[in-house]
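**Student:**
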Amino acid sequence: MDLTLYPLGEYVRLLDKLGQLAGPLPQGLELERTVERVCYNSQEAVPGALFICKGAHFKEEYLADAARRGAFACVSQTPYPGVDLPCLLVRDMRQVIAPLAVKYYNDPSQKLKVIGVTGTKGKSSTAYYLKYILDGYLAPRGQTCGVISSIDTWDGVERFESHLTTPEPLELQKHFAHALASGMEYLVMEVSSQALKYHRTLGTRFAAAAYLNIGSDHISPIEHPDFEDYFHAKLKLFAQAEQSSVNLDCGHGQEALAAARAACPQVRTFSRKDPAAAVYGHDVRKFGDDILFQVEAEVLSGEYRLTMPGLFNVDNALAAIAVCLGLGIPRQAVADGLARARVPGRMEVYSNALGDVTAIVDYAHNRMSFETLFRSVKQEYPGRRIVAVFGCPGKKAFDRRRDLGEVAGAGSDLVVLTEEDSGEEDTLSICREIASHVACRCRVEPNRGEAIRQAVLSCTVPSVILITGKGAETRQKRGMEYIDTPSDVEYAQTFLRELDARGPRSL
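Residues 2 to 508 in the working numbering are what the sequence shown lists, from first letter to last.
Printed below as a string of structure tokens:
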């Protein structure tokens with residue numbers, strides 16, 4: 002990856018233009034020296050690095066380590082007189098990291114067509130629908146579409162399982178730069194409310210953006226203090242987008258539409274309820290295992306097919322169609338992409354040999370996604386016993402424990418509570434808190450593999466087992482570390498085979 006490197010003076014002028022310099026320039030600042038790297042991990046510092054002092058757990062020893070490795074200046078909101086390194090003091094570190102990252106990586110989103118997707122639920126599915134559509138569209142040119150999601154990341158150079166929905170600024174801009182260097186034209190990404198609130202995407206140009214919905218999630222002392230803060234964060238995406246698509250059917254849809262029109266040059270709407278929407282979906286029906294629906298959307302009008310289960314996915318498909326309408330993607334590419342689309346760990350369906358026990362692995366993890374999932378499953382699997390296996394993460398979105406307990410308790414015959422990225426909290430305590438809101442029969446089994454095993458082997462009548470929250474992820478957050486584990490997909494397949502091996506059952 003070839004980057005144009007700039008002298009330190011260019012970064013100083015940028016901070017000054019942003020009004021972020023909090024004091025006079027320090028003595029010994031080498032303004033003409035080229036910045037060879039911008040980083041906030043001391044182990045990545047090299048001779049000529051500009052080091053960013055970032056994070057609530059930052060320690061002076063990290064800065065000292067960066068200096069030993071060759072950093073010749075640093076940017077910080079707090080002075081560290083114990084380290085002999087010229088320091089550019091700034092007013093708000095969160096507002097300067099992204100612009101510095103954009104500068105270092107040569108502002109890649111000006112050339113790369115970045116598509117941003119935000120919403121309480123459906124971000125991953127919509128992002129992957131767009132990736133499948135664009136992969137097919139770009140295939141004759143030998144290109145693929147990049148993706149940055151809560152599931153995984155592919156930028157033409159790196160492919161890995163994701164930890165964050167939206168990466169920190171330096172990683173984000175690096176992915177964009179990788180995509181450009183790899184010859185990519187498009188990259189689709191999920192944009193979280195936290196990323197928007199804390200300016201991770203500041204300076205990114207979005208060729209298109211999609212707003213899916215809003216629910217009461219991520220409300221906690223360490224995320225969003227209230228719904229208004231959460232909603233306002235989501236709406237920030239419009240100001241960075243050249244065109245936006247807005248779901249008219251969601252709560253606060255008209256407010257989102259007004260915000261989009263106030264901030265964005267081009268706005269399209271999509272809906273299953275309003276025939277006046279730019280993209281109107283109707284006549285949704287099951288055809289075997291597939292979902293068919295009709296769309297009225299100018300040149301993209303026609304019938305579409307989804308081969309991925311979940312009637313609610315029609316809403317995500319309409320969002321993808323609205324984006325493609327704005328980008329000028331041909332109808333055949335859209336139809337083919339939607340028909341092929343799969344999302345790792347999203348509505349993955351597995352059955353035993355008899356076909357009477359079905360396990361559905363899905364990332365559903367908040368009230369909106371739970372309500373939608375249970376409603377869809379009851380519609381698609383009428384009369385079946387329902388078992389839910391899930392947990393809640395530690396130290397975040399505390400309301401989920403009540404919300405998921407209530408929804409699962411109302412929609413299940415059995416709930417099995419287990420580990421789900423407990424982090425620094427005790428898994429058993431989290432499960433007991435959820436259990437206090439569950440109205441049906443409930444078990445607690447902290448070991449996730451054993452919880453799924455118990456759920457599968459408990460089936461003596463036709464059943465659907467909903468295994469939610471982790472999808473295809475292969476790691477659990479325990480303490481401050483991520484520990485390798487089998488995925489829910491692997492667990493489901495293994496224990497369905499074990500169920501079959503037990504032979505005939507009393508049905």
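Beta carbons: idealized from backbone N, C-alpha and C, even for Gly. Predicted model only: the values in this text are computed from it and were never measured.
Would you list the residues sitting across from PHE207 in a DSSP beta bridge?
**Tutor:** Your numbering for residue 207 matches position 206 in the sequence shown. Answer is VAL115, ALA242, bridged to PHE207.
**Student:** Counting Cβ pairs closer than 8 Å, one from the region 129–136 and one from the region 335–349, do we hit at least three?
**Tutor:** yes
**Student:** Quick one: complete alpha helix (DSSP H) runs, 4+ long, within the region 92–162?
**Tutor:** The region 92–162 contains these whole alpha helix (DSSP H) runs: 94–105, 124–139.
**Student:** Tell me where the beta strand (DSSP E) around GLU37 begins and ends.
**Tutor:** Within the sequence shown, the letter at position 36 stands for residue 37. Careful: GLU37 lies outside any beta strand (DSSP E) and carries neither H nor E.
**Student:** Quick check: the region 465–483 against the region 424–444, are at least 3 beta-carbon pairs closer than 8 Å?
**Tutor:** Per the Cβ contact rule, the region 424–444 is in contact with the region 465–483 (3 or more Cβ pairs under 8 Å).
**Student:** Under the assumption that ALA298 contacts GLU243 (Cβ atoms under 8 Å), give the Cβ distance between them as a whole number of angstroms.
**Tutor:** Here residue 298 is taken as the residue at index 297 of the sequence shown, counted from 1. Here residue 243 is taken as the residue at index 242 of the sequence shown, counted from 1. Their Cβ separation, rounded to whole angstroms, is 19 Å, which puts ALA298 and GLU243 out of contact at 8 Å.
**Student:** With distances taken from CA atoms, which of ALA440, MET94, MET348 is nearest ALA360?
**Tutor:** If you number the sequence shown from 1, residue 360 lands on position 359. Of ALA440, MET94, MET348, the residue nearest in Cα terms is MET348.
**Student:** Could you tell me which residues DSSP pairs with CYS75 in its beta bridges?
**Tutor:** Locating residue 75 in the sequence shown gives position 74, counting from the first residue. Answer is PHE52, CYS88, bridged to CYS75.
**Student:** LYS175 CB to nearest chain B CB: under 7 Å?
**Tutor:** Absent from the structure is chain B; it holds one protein chain and no more.
**Student:** Are there 16 or more other CB atoms within 10 angstroms of the CB of PHE161, so buried, or fewer, so exposed?
**Tutor:** For the purposes of this step, residue 161 is taken as residue 160 along the sequence shown, with counting starting at 1. So PHE161 ends up on the exposed side.
**Student:** Between which two residues does the alpha helix (DSSP H) harbouring SER194 extend?
**Tutor:** For the purposes of this step, residue 194 is identified with residue 193 of the sequence shown, where counting begins at 1. Note, SER194: alpha helix (DSSP H), 194–198.
**Student:** Among LEU319, THR469, PHE52, ARG402, which has the Cα closest to the Cα of GLY303?
**Tutor:** For this step, residue 303 is matched to residue 302 along the sequence shown. Out of LEU319, THR469, PHE52, ARG402, LEU319 has the C-alpha closest to the C-alpha of GLY303.
**Student:** Over the uninterrupted alpha helix (DSSP H) stretch that includes GLN255, give me the two end residues.
**Tutor:** Counting from 1 along the sequence shown, the entry for residue 255 is found at position 254. First-last of the alpha helix (DSSP H) with GLN255: 254–264.
**Student:** Just curious, the beta strand (DSSP E) that PHE59 is in, first and last residue?
**Tutor:** For the purposes of this step, residue 59 is taken as the residue at position 58 of the sequence shown. Neither: PHE59 is in no beta strand (DSSP E) and is coded neither H nor E.
**Student:** With a threshold of 8 Å on Cβ separation, who are the neighbours of LEU508 within its own chain once the five nearest residues in sequence on each side are excluded?
**Tutor:** Residue 508 sits at position 507 when you count from the first residue of the sequence shown. Here the model assigns LEU508 a pLDDT of 46, short of 50, so the residue's position is not dependable and the matter cannot be decided.
**Student:** What is the DSSP secondary structure of THR495, counted as helix, strand or coil?
**Tutor:** Position 494 of the sequence shown, counted from the first residue, corresponds to residue 495. Of the three classes helix, strand and coil, the one that applies to THR495 here is helix, per DSSP.
**Student:** Using 8 Å as the Cβ pair cut-off and three pairs as the minimum, do the region 281–294 and the region 96–106 touch?
**Tutor:** no
**Student:** Under 8 Å: do the region 196–214 and the region 226–240 share three or more Cβ pairs, one atom per stretch?
**Tutor:** yes
**Student:** Buried or exposed: which applies to THR428, given that a residue is buried once 16 or more other Cβ atoms fall within 10 Å of its Cβ?
**Tutor:** Counting from 1 along the sequence shown, the entry for residue 428 is found at position 427. Flag for THR428 reads buried.
**Student:** Taking only runs that begin and end inside the region 316–397, name each unbroken alpha helix (DSSP H) of 4 or more residues, in chain order.
**Tutor:** 332–341, 368–381
**Student:** Between the region 103–116 and the region 303–314, do at least 3 Cβ pairs fall closer than 8 Å?
**Tutor:** With a cut-off of 8 Å, the region 303–314 and the region 103–116 do not count as touching, because too few Cβ pairs lie within range.
**Student:** Could you check how far apart the C-beta atoms of SER246 and ARG269 are, in whole angstroms? I think they sit under 8 Å.
**Tutor:** Translated into positions along the sequence shown, residue 246 becomes position 245. Translated into positions along the sequence shown, residue 269 becomes position 268. At roughly 5 Å, the Cβ-Cβ gap stays under 8 Å, so SER246 and ARG269 are in contact.
**Student:** Can you find the residues in the same chain that come closer than 6 Å, C-beta to C-beta, to GLY406, ignoring five residues on each side of it along the sequence?
**Tutor:** The sequence position of residue 406 within the sequence shown is 405, counting from 1. Answer for GLY406: ILE435, HIS438, VAL439, listed in chain order.
**Student:** Have a look at THR419 and LEU188 and give me their C-alpha separation to the nearest angstrom.
**Tutor:** On the sequence shown, residue 419 is found 418 positions in, with the first residue counted as 1. On the sequence shown, residue 188 is found 187 positions in, with the first residue counted as 1. Roughly 35 Å separates the two Cα atoms.
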